[in-house]
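A quick write-up on the structure given underneath.
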Amino acid sequence: MTLPKVRKAVFPAAGLGTRFLPATKAQPKEMLPVVDKPLIQYGVEEARHSGIHNIIIVTGRGKASIEDHFDVSFELEHLLESKNRADMLSMVRAISDIVDVSYVRQKEALGLGHAVHRAKELVGHEPFAVVLSDDIIASQTPCIRQLLDVHEFYGASVLALMEVPKDQISAYGVVDAELVADNGRENRLFRIRNLVEKPKAADAPSNLAIIGRYVLTPEIFAAVEAIQPGSGGEIQLTDALKYMLRNRPIYGLKFEGKRFDAGDKLGFLKATVEFALNRHDLGKDFREYLRTICAQS
Ligand code: G1P
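First residue of the sequence shown? That's 0 in numbering that gives the first Met the number 0, and the numbers climb one at a time after it.
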C-alpha cells in the first residue's frame, strides 16, 4: 500500500496570546515580528521548504491581519512597482505566491486538540502536519521535513521532541518513550509509550517534551472526538494522541536544530537577537552594537 503524501499543514492560530499582553490586545500573536518577519511566516516557510504547499490556518476573532498578510496587497505592490523597488516587490509577492492558504474559524479557544479538529473537513482523510508558530526552529533540514522522513518510513504519527530542564517540564506535553534502534538517527528516534500534558515536575515520565511540530494520521480527529477536557479544562492534543496510542503506534524524534519559544518574552528576545545576528544586512552592525552595550554594563 502506498502511503498518501503529506500535503497539508495546520496552523492553530486562534489563541488569545495572553503571554504577550499588551502587544496582543489588538494584534494576533502570530503577527509579532522576529526581526522583520511575522512568527507565523517562519512556520509557513518551514512547511514549504519541507514540501508542503497547502496551509490551513485555524483563526479566531481579531485575526484578520493574518489573512491580509498571506493575501495579495495590490496597493503595496503598485507603490513598490512605481518606485522601482524590484527587490521588495518580489519579497512581498513571494508571501502570497508561496502557498495556498485556507482558513477555518475556531469560535472559542477550547484547546489545541479542538483547534486541530476544526481543520478536519479541510484536511480530509490523509496525514497532515501541525505547526505551532510560537516555536521557531532554526535547522539545516527543516524540522517538519525531519518528521516527514520518519513518517514516510513508518506510516505513523510523529512528534518533535526536545529534552528540557526539570524546572520547565510542566509547561509541556511530556512523553514516556523507548529508543528505536535506528543507527541513521543516532539515538534520536523513539517509540512513544505514554504522553501527559503539563505534568508536575515530580510526575513527569521523562525530560522529553513535545515541541510544536507534529505529523499526524487522520485517526487523530476521531481521538479528539472521544476525549474529555484535560489540563486547564481544554481539549488537549496530547490527550488525543494518548487515546490514539491504544491502537496506533506513535513515534517521536529528537529533531536537529535550535528551537526558540517565541511565545515567551525571553524566548522571543533570544530569537530576535540570534536571527538579527545571522542576517547579512544587519548582523555586523548589530553585533557591534551588542558589544558596546555589553562593555557598558
Ligand atoms: C502546546 C502543547 C504542548 C506542547 C507545547 C509546545 O502547549 O499543548 O503539549 O509541549 O505546545 O510548545 P502550549 O504551549 O500551547 O501551552
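The C-beta atom is built at its ideal place from N, Cα and C for all residues, glycine as well. Keep in mind the model is a prediction, meaning the values are calculated, not measured.
Around the C-beta of VAL149, 16 or more other C-beta atoms lie within 10 Å, and the residue is accordingly described as buried. The nearest non-hydrogen atom of ligand 1 is less than 7 Å from the C-beta of ASP133. Note that the C-beta distance between VAL33 and ALA114 is not below 8 Å.
Per DSSP, reduced to three states, the secondary structure at ASP99 is strand. DSSP places SER138 in the coil class of the three-state scheme, outside both helix and strand. The beta-carbon distance between ALA155 and ILE249, rounded to whole angstroms, is 6 Å. This is short enough to meet the 8 Å contact definition. Looking at GLY183, TYR102, ILE210, the one whose alpha-carbon comes closest to that of CYS142 is ILE210. Contact check between the segment 21-29 and the segment 73-92: fewer than three CB pairs, one atom from each, fall below 8 Å, which does not count as touching. Here the alpha carbons of ILE94 and HIS68 stand approximately 8 Å from one another. As a beta-bridge residue in DSSP terms, GLY251 pairs with LEU158, PHE189.
Taking 8 Å as the cut-off, the beta carbon of TYR41 is found no closer than this to the beta carbon of SER138.
Looking from the CA of SER205, the closest CA among LEU178, HIS124, THR271 belongs to LEU178. For GLN235, the Cβ falls inside the 7 Å cut-off from some heavy atom of ligand 1. Across the structure, VAL122 and LEU147 are spaced so that their CA atoms are roughly 17 Å apart. Only residues of its own chain outside the window of five on either side were considered, and among them ALA208, ILE210, LYS253, ARG258 have a CB closer than 7 Å to the CB of MET161, listed in chain order.
For LEU215, the secondary structure class from DSSP, reduced to helix, strand or coil, is strand. LEU236 is bridged by DSSP to nothing; it lacks a bridge partner.
For the pair PHE19 and PHE267, the Cα-to-Cα distance works out to about 10 Å. Between the alpha carbons of GLY231 and TYR242 lies a distance of about 18 Å.
Three or more Cβ pairs drawn from the segment 163-182 and the segment 194-204 lie within less than 8 Å of each other, which places the two stretches in contact.
Taking non-hydrogen atoms of ligand 1 into account, the C-beta of GLU29 is found less than 7 Å away from none of them.
ILE65 and ALA180 have their C-alpha atoms roughly 42 Å apart. Judged by the Cβ position, ILE210 qualifies as a neighbour of ligand 1 at the 7 Å threshold, a heavy atom of the ligand being closer than this. For TYR242, the Cβ stays outside the 7 Å cut-off from all heavy atoms of ligand 1. The secondary-structure analysis by DSSP pairs LEU194 across a beta bridge with VAL174. Annotated three-state conformation of ARG184 is helix, per DSSP. Looking only at ASP202, VAL223, ALA294, GLY251, the smallest Cα-Cα distance to ARG184 is reached by GLY251.
A Cβ-Cβ distance of about 32 Å is found for the pair GLU255 and GLN105, leaving them out of contact under the 8 Å criterion. Rounded to the nearest angstrom, the gap between the Cα atoms of HIS48 and TYR288 is 33 Å.
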